[in-house]
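Colleague: This is the structure I have questions about; it appears just below.
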């Protein structure tokens, strides 16, 4: 049993295919889905939930030893993160994690688990970490779909680059590859469209469906008129709200979300437009489709007539003359589907571009950032019918297999030969010839495809004929006879037959000039931006600024057509391989246990096929017998010279040998320029370094303790000396005082003796003769004039000198800090006044949990004697944001509330964004705040029976007239900062003090005016989901609307009327037939 459940298959001495399959099968039966092959992780998809990803398990795999815990995907994340920081064998270096396997093997789930664990490892209480975690569900909704092989199959590839500075994540970038746009307009039996279409149809409320122009899902041709069970619809609805929250968390604006949903609704409506020929052979829209055309035009924000023209004809200019060529029915349907595919592809590209913009590192450009890359790319596919997308997908998997072979087999065995290491060569299945078949110039499959795509008259059959003639006799290419243009390629994972129908058109991916010009001029800003954007060499969407759209439109159009889809895909793969070859790779090989997506079932044939074409048996052998870590002498000596405990160790071979001879490591080999180690040697050397690190800590601890004790003893001796001197001074002072007392007693005694003698009388003074008084003298002149007071001499202690700042630096620093606090508070008041005040006031008052700008100490005083779960929200005094103070079980806790760039509110560390503070409070009264899952139960009220509980809010309750006139109660202002009073005035409701509106910025004043008009009795503008006003403006108390909402609404009514008309006609015919038969 111990051998069967061996955690590292490279440790087995005797291994063949049967033994390998048995070991993996036994582990799978015990729900041990992870197995090591040296430093490579094998992961078998369990198709069920396993309790091995919870928080306690995650904590165990932080900075752990590999042998101490079972194999796990978290261990790969930890190894990559520690390697990035230089804590393992290699120094700080970029890392990449390559996840490969068939479709349905669990690559997407593995990616999410890796991301989650890496964010746990670098956790720094930053909202950026939560934003990065929200990227995956967002991209899954728009880029994943159900296939016959996988319910959540990635229909695009992505390479996630996590950027780090030191140990903290500073940003992220997503690189996307080859979205399967054809799925928008066509799905094979048993498959579905992209998830987002089902999510929005299930999750959008009735009012919003009317706003976007969405009807019953069974009416849409692009989802085959199929929907789901009631349970599935409920699940889709929950996923829609998750996606909407993810967009809020990442930072998407509300208007951008509305425009995007309107475009998606327009794509669905576009698919229902059908054509029929007229007498003059021109096409027209069928009677049933007229409403859908009008709806699509409104949802796209374009004119109905212009959209129709772009569908049924093509405009070209020859010698300055415009020529209009009308389409036949097939061409019109192709144009319709082309618009849908391009529009969806542009929306997806914009989402990725927006994510990269919002998650870009906010650091100095000169700062060098390390990164961990995670590659989650579409798995190898072999369907009943394989098209252009499968060809590109399987090419990407061939490239990944070559990267694996090159890193594991080719590069390693070549170094053995160069370094004269004894080695028995291990043969492996080299797929380089297959890559040459696809990518070689000028006669590779993609080069020939680009060549044929350049000829307007070329057909898919011509392309296949050229392949047959060029590759006749190639062992990796097979000719297929049949009515359709078919050919087969023998891949590393087996033979795949491709149907070349549509290859040339998909490779060209052309956009008619009329369509592009129409959408650039759309009144929907997002659609205009999407179609004016340029496309990079790798196929990445690069939006332009709106001001430059018209002048560069034609140039952009020409540049986007210079490269085919195949050329863009080849270039993007080349860039990806360049990044991966420059990084230190970690491999995760995912295995699909069965084709039925059932838990607890392992199909031996399916698993063995995957083990064979992945070359896992050869991988086990090279990991067991080979040397996966091969540092140069200089790299090794620089990293491990500390083990010699000598300074200035030379970075040469002798130093390396001295280091290794001082250890007990065995099994390594020395070449001519580098050392060769087994995969487990890295951990053993890391343990030695860690042992020295702990010893250094002990030495530092004791040295610092000894130094501190010496300083302490000196301080104690100095204190004792000072005390002795103080005592001596006190004794001296006491003696002096005693002497003075005795002297004073002696003087008093002498005076008493002197007083007992008989006094001698003094001679009397003569009185002066009185002077005559002048009659004209004023009375005031006889009064003594009032003399000015004589100032007291200032103490020298308080006299100012030119060197005051230098004499007392603490005072200057305190004054500077006070000024800084005052500026911060002033800025916060301005921020609150301009952006938040009107959001907080509800129904003319503020919520009873909102306490204005108070300090942390005051907040704790308010809730200290309140029951458990009591809370309040206050304005931050030194930052633009809020703080939630909570009365916990053992203490008061303070949670920072972040303001997103899109105006949403998020508690730092939480994964949910809220439109307003009341929404946040309501949500967390039902769902606890992490990590203690604390519920908001009792708001810390501001009112008692007679007056507010504390002075801070008293000014908020002043009469509006007094506030508006600038009047105030001196007793109220006496204890408050003027900045507080300025903030508190903002809480007066707009309908109570009209003069307050003069203090509001113009934009907010207009918003307030509209709000008052809409709240007037009888107004229809305050209805949820109601239309914009007659002047085309959207009011503040309503959500953003699609620009042509009235047209969409009319189109929906027309569609329903037409459907009702046809339904009535069918009923009439059935009734006539039944009456005729009777």
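Residue numbers (my numbering): 27 to 1104.
We put the beta carbon where it would ideally sit given N, CA and C, even for glycine.
(1) Take the Cβ of residue 272 as the centre, count every other Cβ of all protein chains shown within 10 Å, and call the residue buried at 16 or more, exposed below.
(2) Could you compute how far the alpha carbon of residue 145 sits from the alpha carbon of residue 371?
(3) Classify residue 406 as buried or exposed, calling it buried when 16 or more other Cβ atoms lie within 10 Å of its own Cβ.
(4) Whole-angstrom Cβ separation of residue 292 and residue 326, contact assumed at under 8 Å?
(5) Between which two residues does the beta strand (DSSP E) holding residue 707 run?
(6) Which residues mark the beginning and the end of the beta strand (DSSP E) in which residue 1105 is found?
(7) Where does residue 932 sit, in a helix, a strand or coil, going by DSSP?
(8) Look up residue 612 in the DSSP assignment and say whether it is helix, strand or coil.
(9) For residue 511 versus residue 527, is the C-beta spacing smaller than 8 Å?
(10) Cα separation between residue 924 and residue 192?
(11) Out of 213, 190, 182 and 198, which has the shortest C-alpha to C-alpha gap to residue 173?
(12) What are the uninterrupted segments assigned as alpha helix (DSSP H) that are 4 or more residues long and contained completely in the stretch 125-167, given in chain order?
(13) Return the chain-ordered ranges of every alpha helix (DSSP H) run that is complete within the stretch 622-679 and spans a minimum of 4 residues.
(14) When DSSP builds the beta bridges, which residues end up paired with residue 122?
(15) Does residue 901 come out as helix, strand or coil in the three-state DSSP assignment?
(16) Between which two residues does the beta strand (DSSP E) containing residue 525 stretch?
(17) Three-state secondary structure (DSSP) at residue 501?
(18) Which residues in the same chain as residue 993 place their Cβ atom closer than 6 Å to its Cβ, once the five residues preceding and following it in sequence are excluded?
(19) Tell me the rounded alpha-carbon separation between residue 922 and residue 603.
(20) What's the gap between the Cα of residue 298 and the Cα of residue 1091?
(21) Quick one: using the 10 Å Cβ neighbour count with 16 as the cut-off for buried, is residue 418 buried or exposed?
(22) Can you tell which of 194, 284, 96 and 207 has its C-alpha closest to the C-alpha of residue 34?
(23) Thinking C-beta only, is residue 1077 closer than 8 Å to residue 320?
(24) In whole angstroms, what separates the C-alpha of residue 938 from that of residue 267?
(25) Excluding the 5 residues preceding and the 5 following residue 549 in the sequence, name in chain order all residues of the same chain whose CB lies nearer than 8 Å to its CB.
(26) Classify residue 1022 as helix, strand or coil using the three-state DSSP reduction.
(27) Rounded to whole angstroms, what is the Cα-Cα separation between residue 507 and residue 491?
(28) Pull up the DSSP beta-bridge partners for residue 191, would you.
(29) Assign residue 920 to buried or exposed, taking buried as 16 or more other Cβ atoms, counted over all protein chains shown, within 10 Å of its Cβ.
(30) In this structure, what does DSSP give as the bridge partners for residue 940?
(31) Using a threshold of 8 Å, state whether the C-beta atoms of residue 333 and residue 197 are closer than that.
(32) Thinking residue 1066 and residue 347 are a contact (beta carbons under 8 Å), I'd like their distance in whole angstroms, please.
(33) Whose CA, out of 379, 434, 317 and 642, lies closest to the CA of residue 652?
(34) Keeping to the same chain, check which residues put their C-beta closer than 8 Å to that of residue 525; ignore five residues upstream and five downstream.
(35) Would the beta-carbon of residue 4 fall within 8 Å of that of residue 900?
(36) Who are the near neighbours of residue 538 in its chain, counting only those whose CB is closer than 8 Å to its CB and skipping five residues on each side?
Modeller: This is what the structure holds:
(1) Within the chain shown, numbered from 1, the residue matching residue 272 stands at position 246. Residue environment analysis places residue 272 among the buried positions, since at least 16 neighbouring C-beta atoms fall within 10 angstroms of its C-beta.
(2) The residue labelled residue 145 in the question sits at position 119 within the chain shown. The residue labelled residue 371 in the question sits at position 345 within the chain shown. Using only the alpha carbons, I get a separation of about 30 Å.
(3) Position 380 of the chain shown, counted from the first residue, corresponds to residue 406. Residue 406 is buried by the Cβ-count criterion.
(4) The count along the chain shown starts at 1 and reaches residue 292 at position 266. The count along the chain shown starts at 1 and reaches residue 326 at position 300. Residue 292 to residue 326, Cβ: 5 Å. Contact.
(5) For the purposes of this step, residue 707 is identified with residue 681 of the chain shown, where counting begins at 1. It is not in any beta strand (DSSP E) - residue 707 instead sits in the alpha helix (DSSP H) that spans 707-781.
(6) Look at the range of the chain in this structure, 27 to 1104, and you will see that residue 1105 is not part of it.
(7) Along the chain shown, one-based indexing puts residue 932 at 906. In the structure shown, residue 932 sits in a strand (DSSP, three-state: E or B).
(8) Reading the chain shown from its first residue, position 586 is the one you call residue 612. Note: residue 612 maps to strand in three-state DSSP.
(9) Here residue 511 is taken as the residue at index 485 of the chain shown, counted from 1. Here residue 527 is taken as the residue at index 501 of the chain shown, counted from 1. Result yes, Cβ atoms of residue 511 and residue 527 sit closer than 8 Å.
(10) Numbered from its first residue, the chain shown carries residue 924 at position 898. Numbered from its first residue, the chain shown carries residue 192 at position 166. Distance between the alpha carbons of residue 924 and residue 192: 24 Å.
(11) One-based indexing of the chain shown puts residue 173 at position 147. Considering only alpha carbons, the answer is 213.
(12) Listed in chain order, the complete alpha helix (DSSP H) runs (minimum 4 residues) inside the stretch 125-167 are 133-147.
(13) Fully enclosed alpha helix (DSSP H) runs of no fewer than 4 residues occupy 630-639, 642-651 and 659-666 of the stretch 622-679, in order along the chain.
(14) Taking the first residue of the chain shown as 1, we reach residue 122 at position 96. Looking at the DSSP output, residue 122 shares a beta bridge with 399 and 611.
(15) Walking along the chain shown from the start, residue 901 turns up at place 875. In the structure shown, residue 901 adopts extended strand secondary structure according to DSSP, grouped into three states.
(16) Here the question's residue 525 lines up with position 499 in the chain shown. Its beta strand (DSSP E) spans residues 520-525.
(17) Along the chain shown, one-based indexing puts residue 501 at 475. The three-state reading of DSSP puts residue 501 in coil, since its state is none of H, G, I, E or B.
(18) Residue 993 sits at position 967 when you count from the first residue of the chain shown. Low local confidence applies: a pLDDT of 39 at residue 993 is under 50, so the model's placement there is unreliable, with the coordinate-based value given in what follows. None.
(19) Residue numbering aside, residue 922 sits at position 896 when the chain shown is read from its first letter. Residue numbering aside, residue 603 sits at position 577 when the chain shown is read from its first letter. C-alpha separation (whole angstroms): 42 Å.
(20) As a position in the chain shown, residue 298 is number 272, starting the count at 1. As a position in the chain shown, residue 1091 is number 1065, starting the count at 1. Distance between residue 298 and residue 1091, taken at the CA atoms: about 21 Å.
(21) Here residue 418 refers to the residue found at position 392 when the chain shown is read from its first residue. Classification of residue 418: buried, given that the 10 Å Cβ count is 16 or more.
(22) Taking the chain shown and counting its residues from 1, the one referred to as residue 34 is at position 8. Looking from the CA of residue 34, the closest CA among 194, 284, 96 and 207 belongs to 96.
(23) As a working note, residue 320 is residue 294 in the chain shown. As a working note, residue 1077 is residue 1051 in the chain shown. Taking 8 Å as the Cβ cut-off, residue 320 and residue 1077 qualify as a contacting pair.
(24) For the purposes of this step, residue 938 is identified with residue 912 of the chain shown, where counting begins at 1. For the purposes of this step, residue 267 is identified with residue 241 of the chain shown, where counting begins at 1. Cα to Cα, residue 938 sits roughly 10 Å from residue 267.
(25) Start at 1 with the first residue of the chain shown, and residue 549 comes out as number 523. Correct list, in chain order: 327, 328, 1069 and 1070.
(26) Position 996 of the chain shown holds residue 1022. With a pLDDT of 36 at residue 1022, under the threshold of 50, the modelled position of that residue is not reliable, and no figure is offered here.
(27) Here residue 507 is taken as the residue at index 481 of the chain shown, counted from 1. Here residue 491 is taken as the residue at index 465 of the chain shown, counted from 1. One C-alpha to the other measures close to 11 Å.
(28) Mapped onto the chain shown, residue 191 falls at position 165. As DSSP reads the structure, residue 191 sits in a beta bridge with 194.
(29) Against the chain shown, residue 920 aligns to sequence position 894. Residue 920 is exposed by the Cβ-count criterion.
(30) Translated into positions along the chain shown, residue 940 becomes position 914. According to DSSP, which records beta bridges pairwise, residue 940 is partnered with 931.
(31) Reading the chain shown from its first residue, position 307 is the one you call residue 333. Reading the chain shown from its first residue, position 171 is the one you call residue 197. The Cβ atoms of residue 333 and residue 197 do not sit closer than 8 Å to each other.
(32) Locating residue 1066 in the chain shown gives position 1040, counting from the first residue. Locating residue 347 in the chain shown gives position 321, counting from the first residue. The beta carbons of residue 1066 and residue 347 sit about 44 Å from each other, so the pair does not count as a contact at 8 Å.
(33) Locating residue 652 in the chain shown gives position 626, counting from the first residue. The residue with the shortest Cα to Cα distance from residue 652 is 434.
(34) As a first step, residue 525 must be located in the chain shown, where it is residue number 499. 411, 412, 413, 510, 511 and 512, listed in sequence order.
(35) No statement about residue 4 is possible, as the shown extent of the chain runs from 27 to 1104 and does not include it.
(36) Walking along the chain shown from the start, residue 538 turns up at place 512. Excluding positions up to five away in sequence, the list reads 336, 340, 361 and 364.
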